[in-house]
Amino acid sequence: MLYFMIDNLTYGGAERQATYLIENSIGVDELVLLENHIKYELKTSIPIRSIHSKILRIYQRPLGDSFAVKELSKVYKDRDTVISFLERSNIANIKISLNTGHRSIISVRNYMSERYKEKKYFFRMKLIKKYYPKADLIIVNSIDSKNDLVNNFDVPEEKIKVIYNLIDIEKINSLKNDSIEDEYKEIFEYPVILNIGSLIPQKSQKQLIDAFKRIKQSNPEYKMVIIGDGKLYEVLEQTIKENGLIRDVFLLGNTNNPFKYLNKADMFVLNSKFEGFPNVLLESLATGIPVVTKNCLSGPAEMLKVLNYKNEEIKLTKYGYIFPRKAYEVDEKKELSFLIDAINRMIDFKKNDLKSYDDLKINCINRAMSFSVDNIVEEWIKVIE
C-alpha cells in the first residue's frame, strides 16, 4: 500500500503540491489527513482517512499528534510506503515507521533553519533534528534546502533527493482566462503589481506596501493587488491607510483561481524572507508573467537559472529581475531600497522596450515547461518504486 499523509489540505503551497501529486497517478492508495479540512478540490476518488474531525488549535496538537501516531501504528504495515508532507506529518511518519518498519518518505517544503529559527520553535527544531535523519528518504524541492539539512540537521546526504515542485500547466491554461469578478475589473484596467501569499511576516507584504508608496511617486498609474489571507490582514489594511493608498492597494483575500489575476498583471513580486521552492513564482512563469523576486532561501535563483548569482546587485534574467536578500533584522533599509529599485526597473523595462518585455513573457512560459506534471511525476514514481 502507498499512503500519502499530510496535516490537512487547506490553502498553501505544500497542500497544492500534495494535491497535484495525488491527482496525477503516482499510485496513492489512501490519503491520510491529520485533520479533516479540505480546501483544494481533489479530482480523484481515492479513500480519505481523517484522524481528527477538525483543525486542531496549537495547544491541542501535541496530544492530537500523539493520538495520530497511536492510531496509524495500527494501520501501516512493514511492506507499506508512506509519503508525508509538512513537519507534523513528517515527524509522525518517522515515529510510526520506527515501530512498524514501513518505508518513510518525507518531503521538506521549506528552508528549515530559517523557518524555525525563532525561540518559540525550539521544541519543533529538537524534534526535527532527532527524527529527520531517521527517515528512509527525504525529498526536498531545492538544492539550498538539501544543503541546509546536511549542514544544519545532520541528515546524511545520500538520504536526500531534490525533486522540484510541479505545476499543472494544462489546468493553469484552462483557468487563467476566467473572468475577473465585476467588483475587481476596474483595478485591472490599470497596470498591476501582483503579490500572492499568506498574510504573515514571512511574506513581507508590509514592506512591499511601503515600497509601493515610493514607486507610486514616479509611476502614479500603477495599482497593487495582494491575494491571500492571514493574521496580518488588519495590520496591512492599516498600513495601506497610513500610506494613503486605499485607492491603489487592494487585499482580495483567498481564491481558488489566482491565475485569472496573474494573467492580467504586469508583474509578479515575491518579497519573502524565506521559502522552500515558491509555487507562486513558478505559477507566475507558467502564466507568462515576468517576475521581480528576492533571492530568498531557497528556490528563486534555481528557478530563474542563475545558480551563480552573487546576491550583491539587482540582475535581469531571462524571466525578470532578481534582487539580493539581506539580513532583514540588520539591514532592512537596504533591502527596501533593492525592492523599490527592482520593481522600478521592471516598470521602466516594459515602458522602454515592449518587445523585450514580451520576450520575457515567452521565456517564462518556456521555463515553466521544465516543471510540468509529466516531468516531475516521473521523478516521484522512480523514488517510490
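Just so you know, the UniProt record's numbering puts 114 at position 114 of the sequence shown, and the rest follows in order with no gaps. We put the beta carbon where it would ideally sit given N, CA and C, even for glycine. Quick caveat: nothing in here was measured; it's all calculated off a predicted structure.
With DSSP as the reference, label residue i as helix, strand or coil.
| i | result |
| --- | --- |
| Lys161 | strand |
| Ser337 | helix |
| Glu221 | coil |
| Tyr357 | helix |
| Thr100 | helix |
| Val155 | coil |
| Lys74 | coil |
| Tyr328 | Residue confidence is low: Tyr328 scores 47 on pLDDT, short of 50, so the model does not pin down where it sits. Its coordinate-derived value is still stated next. The answer is coil: DSSP assigns Tyr328 none of H, G, I, E or B. |
| Asn195 | strand |
| Met1 | coil |
| Ile6 | strand |
| Ser145 | helix |
| Glu35 | strand |
| Phe250 | strand |
| Tyr184 | helix |
| Glu30 | strand |
| Leu316 | strand |
| Phe274 | strand |
| Arg88 | helix |
| Lys294 | strand |
| Gly299 | coil |
If you compare alpha carbons, which of the options is closest to residue i?
| i | options | result |
| --- | --- | --- |
| Leu194 | Asp266, Val162 and Phe123 | Asp266 |
| Tyr164 | Ile384, Glu385, Lys382 and Asn375 | Asn375 |
| Phe277 | Ala211, Ile289, Gly288 and Lys294 | Lys294 |
| Ile226 | Gly253, Ser218, Leu245 and Ile215 | Gly253 |
| Leu232 | Asp248, Gln202 and Asn219 | Gln202 |
| Gly320 | Asn363, Asp182 and Glu378 | Asn363 |
| Ile322 | Asp148, Lys70, Leu339 and Asn366 | Leu339 |
| Phe153 | Lys134, Ala68, Val69 and Gly299 | Lys134 |
| Ile160 | Ile172, Ile143 and Lys176 | Ile143 |
| Ser66 | Ser53, Arg49, Glu283 and Ile91 | Ile91 |
| Trp380 | Arg57, Val140, Ala211 and Asp182 | Val140 |
| Ala368 | Lys117, Ala211, Pro300 and Ser272 | Pro300 |
| Tyr121 | Asn151, Ile58 and Val249 | Ile58 |
| Glu332 | Ile384, Ala211, Asn308 and Val306 | Ala211 |
| Lys382 | Lys130, Glu15, Leu86 and Val162 | Val162 |
| Asp248 | Leu270, Val269 and Phe188 | Phe188 |
| Ile269 | Tyr261, Lys260 and Val292 | With the sequence shown as reference, residue 269 is identified as Val, and Ile is not the correct amino acid for it. Residue Val292 is the option with its Cα nearest to Val269. |
Short of 8 Å in beta carbon distance, which residues of its chain neighbour residue i, apart from the five on each side in sequence? Order them along the chain.
| i | result |
| --- | --- |
| Leu316 | Arg345 and Phe349 |
| His102 | Tyr76, Lys77, Asp78, Arg79, Asp80, Thr81, Val82 and Ile96 |
| Ile22 | Phe4, Val28, Leu31, Leu42, Thr44 and Ile46 |
| Asp341 | Ile314 and Phe323 |
| Glu312 | Pro324 |
| Val377 | Leu21, Asn24, Ser25, Ile26 and Leu166 |
| residue 387 | An answer regarding residue 387 cannot be provided, because it is not within the stretch 1 to 385 covered by the chain. |
CB-CB under 6 Å to residue i, same chain, minus the five flanking residues each way: which ones, in chain order?
| i | result |
| --- | --- |
| Ser372 | Ile169 |
| Asn243 | Lys213 |
| Ser25 | none |
| Ile105 | Ile83 and Leu137 |
| Gly230 | Ser198, Leu199 and Ile200 |
| Asn99 | Ser73 |
| Ile219 | The sequence shown places Asn at residue 219, rather than the Ile named in the question. So the qualifying residues of the chain are Ile347. |
Straight-line CA distance for residue i to residue j?
| i | j | result |
| --- | --- | --- |
| Leu166 | Asn263 | 19 Å |
| Glu114 | Phe274 | 7 Å |
| Asn8 | Tyr111 | 20 Å |
| Ile246 | Ile240 | 6 Å |
| Tyr328 | Ser179 | Unreliable placement is indicated for Tyr328, whose pLDDT of 47 sits below 50; no coordinate value is reported for it. |
| Lys39 | Asn352 | 42 Å |
| Gln238 | Glu283 | 29 Å |
| Asn366 | Lys146 | 26 Å |
| Leu304 | Thr255 | 26 Å |
| Tyr131 | Lys119 | 19 Å |
| Phe250 | Gly228 | 11 Å |
| Ser272 | Leu236 | 15 Å |
| Ile172 | Ile55 | 29 Å |
| Val306 | Gly288 | 19 Å |
| Asp359 | Ile347 | 15 Å |
| Tyr357 | Arg49 | 48 Å |
Check the C-beta distance from residue i over to residue j and give it rounded, since I have them as a contact under 8 Å.
| i | j | result |
| --- | --- | --- |
| Tyr222 | Pro191 | 5 Å |
| Arg61 | Arg88 | 7 Å |
| Met1 | Asp80 | 5 Å |
| His37 | Thr10 | 6 Å |
| Leu336 | Gln207 | 6 Å |
| Leu63 | His52 | With 8 Å as the limit, Leu63 and His52 do not qualify as a contact, their Cβ atoms being about 11 Å apart. |
| Ile343 | Val280 | Not a contact, Cβ separation roughly 16 Å. |
| Lys361 | Pro290 | 6 Å |
| Phe123 | Ser107 | That belief does not hold up - the Cβ atoms of Phe123 and Ser107 are roughly 22 Å apart, past 8 Å. |
Grab me the residues of residue i's own chain with a C-beta within less than 7 Å of its C-beta, minus the 5 sequence neighbours each way, in chain order.
| i | result |
| --- | --- |
| residue 386 | The structure shown does not extend to residue 386, since the chain is modelled only from 1 through 385, so no value can be given for it. |
| Leu127 | Ile91 |
| Cys296 | Ser272, Lys273, Phe274, Glu275 and Arg325 |
| Asp148 | Tyr111, Met112 and Ser113 |
With respect to 6 Å, is the separation between the Cβ of residue i and the closest non-hydrogen atom of the ligand NAD below this value?
| i | result |
| --- | --- |
| Tyr11 | Looking for the ligand NAD in the displayed structure turns up nothing, as the structure carries no ligands at all. |
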